[in-house]
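First comes the structure, then the notes that go with it.
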Amino acid sequence: MPIHPHGCTCFIIPSRMLRQLADEAEPAERHLLLDQCEMSAHLRGQRSVAPTLAGTAAPGEKRRTVYDARHKATLPGKLMRGEGSMAVADVSVNQAYDGAGTTYDFFREVLKRNSIDNKGLRIDSTVHFQTRFNNAFWNGQQMVYGDGDGKLFLGFTHALEVIAHELTHGVTQHAVPGGLVYENQSGALNESISDVFGSLVKQWKLKQSAEQADWLIGAGILAASVGKALRSMADPGNKELTWSGDEQPKTMAGYVDGGDVHTNSGIPNHAFYAAAIALKGNAWEKAGPIWYKALGLLTSTATFADMAKATTQAAVLLYGADSAEQHAVQAAWKVVGVV
Numbered sequence: 001m002p003i004h005p006h007g008c009t010c011f012i013i014p015s016r017m018l019r020q021l022a023d024e025a026e027p028a029e030r031h032l033l034l035d036q037c038e039m040s041a042h043l044r045g046q047r048s049v050a051p052t053l054a055g056t057a058a059p060g061e062k063r064r065t066v067y068d069a070r071h072k073a074t075l076p077g078k079l080m081r082g083e084g085s086m087a088v089a090d091v092s093v094n095q096a097y098d099g100a101g102t103t104y105d106f107f108r109e110v111l112k113r114n115s116i117d118n119k120g121l122r123i124d125s126t127v128h129f130q131t132r133f134n135n136a137f138w139n140g141q142q143m144v145y146g147d148g149d150g151k152l153f154l155g156f157t158h159a160l161e162v163i164a165h166e167l168t169h170g171v172t173q174h175a176v177p178g179g180l181v182y183e184n185q186s187g188a189l190n191e192s193i194s195d196v197f198g199s200l201v202k203q204w205k206l207k208q209s210a211e212q213a214d215w216l217i218g219a220g221i222l223a224a225s226v227g228k229a230l231r232s233m234a235d236p237g238n239k240e241l242t243w244s245g246d247e248q249p250k251t252m253a254g255y256v257d258g259g260d261v262h263t264n265s266g267i268p269n270h271a272f273y274a275a276a277i278a279l280k281g282n283a284w285e286k287a288g289p290i291w292y293k294a295l296g297l298l299t300s301t302a303t304f305a306d307m308a309k310a311t312t313q314a315a316v317l318l319y320g321a322d323s324a325e326q327h328a329v330q331a332a333w334k335v336v337g338v339v
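Per UniProt numbering, residue 1 is the first one in the sequence shown, and the count goes up by one each step.
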């Protein structure tokens with residue numbers, strides 16, 4: 001029997017955030033948020049595996065499809081746009097199509113990767129999932145976007161780093177031998193890797209250097225009453241930059257044993273930020289390739305220490321022993337207290 005890599009049904013909005021917002025909401029809104037927590041748990045419990053029948057494409061050939069769930073939970077829904085077709089009237093369809101294209105182009109042009117699985121996998125996306133659904137997720141096979149409730153969450157397809165974050169879960173599923181188990185430190189690494197490349201895709205698209213970038217994840221998807229972003233890689237846990245419930249630790253001193261993967265991911269997130277700032281220039285030119293090469297050096301249950309070792313090894317492989325890049329990576333993991 002084939003061995004499937006560890007896939008995850010991975011959501012951009014943690015259930016903990018939905019529950020906290022539910023505690024503060026009016027009854028009708030509270031019920032909606034709690035129902036969506038239950039739906040997320042149900043979806044997460046379904047086994048996700050890499051698609052096996054999508055075929056391959058020639059290097060450099062994008063293949064995108066976008067579907068409309070029409071506010072139902074059945075996937076993929078009605079086909080709205082395929083590769084090379086004209087834009088449609090539905091803005092969400094076009095944003096999902098364009099975001100998938102930019103993410104594909106980044107991995108192809110910067111990292112020489114042929115789509116999510118490195119074999120030209122078609123990128124399928126579904127918009128308008130359920131009604132007022134406050135999340136977006138990768139389910140091991142495709143992207144799925146809710147519209148948000150318009151009160152707390154303003155939608156997800158307009159945030160490029162959200163699209164790239166979720167698609168990177170697919171990359172991790174295929175690039176790490178066996179995938180990364182979605183719990184404990186390996187789960188936090190899974191989330192962090194998606195934040196890293198989500199941010200890099202946005203920086204690459206905007207042509208921003210490491211110094212110019214905002215290093216925020218989910219900027220613009222929250223209503224002003226909720227906050228400005230989900231997470232900050234530059235300063236994890238800074239509620240002034242993100243939202244009132246941001247409890248991400250910046251270093252191992254704040255690590256929560258058995259904590260939420262979206263929370264503890266602040267530590268490896270900040271390590272990448274520290275390395276990128278130290279290396280100067282564009283983060284996708286040196287720090288990004290180092291982190292990408294490290295994926296193939298990990299195991300399914302990798303710890304933060306394993307990631308520190310893998311990125312250091314990757315820096316040596318790419319830039320040589322005793323290189324400035326190697327030293328920058330090692331110093332970054334010291335900053336966050338992993339080594």
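Using N, Cα and C, we set each Cβ at its ideal position, and we do this for glycine too.
In this text, all values refer to a predicted model and were calculated from it rather than measured experimentally.
Through-space distance from residue j to residue i, alpha-carbon basis
i	j	result
V162	A223	16 Å
H169	A73	21 Å
E83	L43	28 Å
A175	I123	16 Å
W333	R81	43 Å
G259	F304	14 Å
A120	R113	According to the sequence provided, residue 120 is Gly. The question's Ala does not apply to it. Approximately 9 Å, taken between the alpha carbons.
residue 401	A278	The question about residue 401 has no answer, for the chain in this structure spans 1 to 339.
A328	A275	6 Å
G337	K250	9 Å
P14	G281	32 Å
A302	F107	23 Å
A321	A87	49 Å
D257	A188	11 Å
L298	L34	36 Å
G140	G7	5 Å
R19	T263	15 Å
Y182	E211	31 Å
S323	G227	40 Å
M252	T172	23 Å
A283	Y255	26 Å
Given residue i as reference, the closest of the options once Cα atoms are compared
i	options	result
D105	F272, Y273, G198 and K72	G198
T131	A253, R108, G155 and E109	G155
Q95	D214, Q208 and A159	A159
A331	V93, Y273, A294 and A302	Y273
N118	E61, H165 and N135	E61
L32	Q208, K151, L241 and S265	K151
F133	D147, V127 and G140	D147
Per-residue DSSP class, three states only, for residue i
i	result
S92	helix
K280	coil
I217	strand
F129	coil
K334	helix
A50	Caution is warranted here: a pLDDT of 37 is assigned to A50, below 50, making its placement in the model unreliable, and no coordinate value can be reported.
D322	coil
C10	strand
K119	coil
Nearest-angstrom Cβ-Cβ length linking residue i and residue j, presumed shorter than 8 Å
i	j	result
L230	G218	3 Å
M17	G245	6 Å
S125	M143	4 Å
T9	G99	So it is not a contact: roughly 19 Å between Cβ atoms.
N190	I12	With a Cβ gap of about 13 Å, N190 and I12 do not count as contacting.
Proximity test, Cβ basis, 8 Å: residue i and chain B
i	result
E240	The chain labelled as chain B is not found in the depicted structure, where only one protein chain is given.
The ligand GTP heavy atom lying under 7 Å from the CB of residue i
i	result
R30	Here there are no bound small molecules, and the ligand GTP is not part of this structure.
Assess contact between the segment 287-294 and the segment 314-334, defined as three or more Cβ pairs (one per stretch) separated by less than 8 Å. Is contact present? yes
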